[in-house]
Amino acid sequence: MQHLTVDHKTTYRYAKAVKFGEHRLMFRPRDSHDLRLLDARLTINPTAEVRWLHDVFGNSVAVASFAEPAQELYMQSVIVIERYPMVEPEFAIETFARTLPFSYPASEVPDLGRTIERHYSDPERAVTEWARRFLTVGGMTDTEDFLIAVTGAIQTEFAYEERHEPGVQSPVETLSRGAGTCRDYALIMMEAVRSVGLATRFVSGYLYDPTIDGTQTEVHGAGSTHA
Numbered sequence: 002m003q004h005l006t007v008d009h010k011t012t013y014r015y016a017k018a019v020k021f022g023e024h025r026l027m028f029r030p031r032d033s034h035d036l037r038l039l040d041a042r043l044t045i046n047p048t049a050e051v052r053w054l055h056d057v058f059g060n061s062v063a064v065a066s067f068a069e070p071a072q073e074l075y076m077q078s079v080i081v082i083e084r085y086p087m088v089e090p091e092f093a094i095e096t097f098a099r100t101l102p103f104s105y106p107a108s109e110v111p112d113l114g115r116t117i118e119r120h121y122s123d124p125e126r127a128v129t130e131w132a133r134r135f136l137t138v139g140g141m142t143d144t145e146d147f148l149i150a151v152t153g154a155i156q157t158e159f160a161y162e163e164r165h166e167p168g169v170q171s172p173v174e175t176l177s178r179g180a181g182t183c184r185d186y187a188l189i190m191m192e193a194v195r196s197v198g199l200a201t202r203f204v205s206g207y208l209y210d211p212t213i214d215g216t217q218t219e220v221h222g223a224g225s226t227h228a
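FYI, the numbering for the sequence shown is 2 to 228, going by the numbering used here.
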């Protein structure tokens, strides 16, 4: 069991006072079998009216509305969690899904519909053919091996580049450029595995680096947010 504190600060500064639109903040994690939320605090300056709601996936979303313009916007989220990490990674896969191709149970298909559909155009099937490299020709493919192969290829074949502009590249653009940010990598993986019939959705979180516990002397990217 681990107790972790995540202190997330975001600051925007402007040349002159600006009016702020409604902000939707997703800082609060969900309780699960391996994570328990112990405390959560949210600080916003200038003062905002904050209301909480659940989105369609059951996530807690804080909606902040601002009455006055300001030259700086500051948000701080502090969460304290109790985490129960696995000693070794476990990839529990349902029996029916252990090899590709497979079909989801009919009872799940209505809920999975949009997560299986391709969301980005691939007119020349570039992303599809890239994903099919990792399938066994003329036979069944182990699902876990396929996912590991796709992840490994993204790591070795694409160059990371920093980009501050909002939004994502299309998977076709990421493939043709051979470069992107973590959110672009997440998106091309989603579309690649959707091309063979797997359901996926986008998530984000924090990287935990054990070096911050003092077990090592160098810290690389500890506490970063990633898609």
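Idealized CB from N, CA, C, for every residue including glycine. Computed from a prediction, not measured in an experiment: that's the story for all the values here.
For the segment 32-68, the continuous beta strand (DSSP E) assignments of 3+ residues that do not extend past its boundaries occur at 36-46, 49-55 and 61-67, in sequence order. Per DSSP, reduced to three states, the secondary structure at residue 199 is coil, with no helix or strand assignment. Taken in chain order, the complete alpha helix (DSSP H) segments of 4 residues or longer contained in the segment 116-175 are 127-133 and 144-158. Of the residues assessed, residue 156 falls on the exposed side of the cut-off, its CB having fewer than 16 other CB atoms within 10 angstroms. Counting along the chain, the unbroken beta strand (DSSP E) around residue 15 starts and ends at 3-19. By the criterion of at least three beta-carbon pairs nearer than 8 Å, the segment 158-165 is in contact with the segment 175-194. Taken atom to atom, the span from the alpha-carbon of residue 152 to that of residue 96 is near 22 Å.
Here residue 193 is buried: its Cβ has 16 or more other Cβ atoms, across all protein chains shown, within 10 Å.
The continuous beta strand (DSSP E) containing residue 80 extends over residues 71-84.
When C-alpha distances from residue 6 are compared across 110, 92, 40 and 16, the shortest belongs to 40. Closest in C-alpha terms to residue 196, from the list 63, 124 and 109, comes 124.
By the C-beta density criterion, residue 54 is exposed, having fewer than 16 other C-beta atoms within 10 angstroms. Straight-line spacing of the CA atoms in residue 138 and residue 147 works out to 13 Å. Residue 98 carries a helical assignment under DSSP once its states are collapsed to helix, strand and coil.
Annotated as proximal: residue 78 and residue 28, with beta-carbon spacing under 8 Å. Just measuring C-alpha positions, the residue of 21, 38, 204 and 191 sitting nearest residue 131 is 191.
In this structure the segment 97-116 does not touch the segment 56-71; the number of beta carbon pairs closer than 8 Å is below three.
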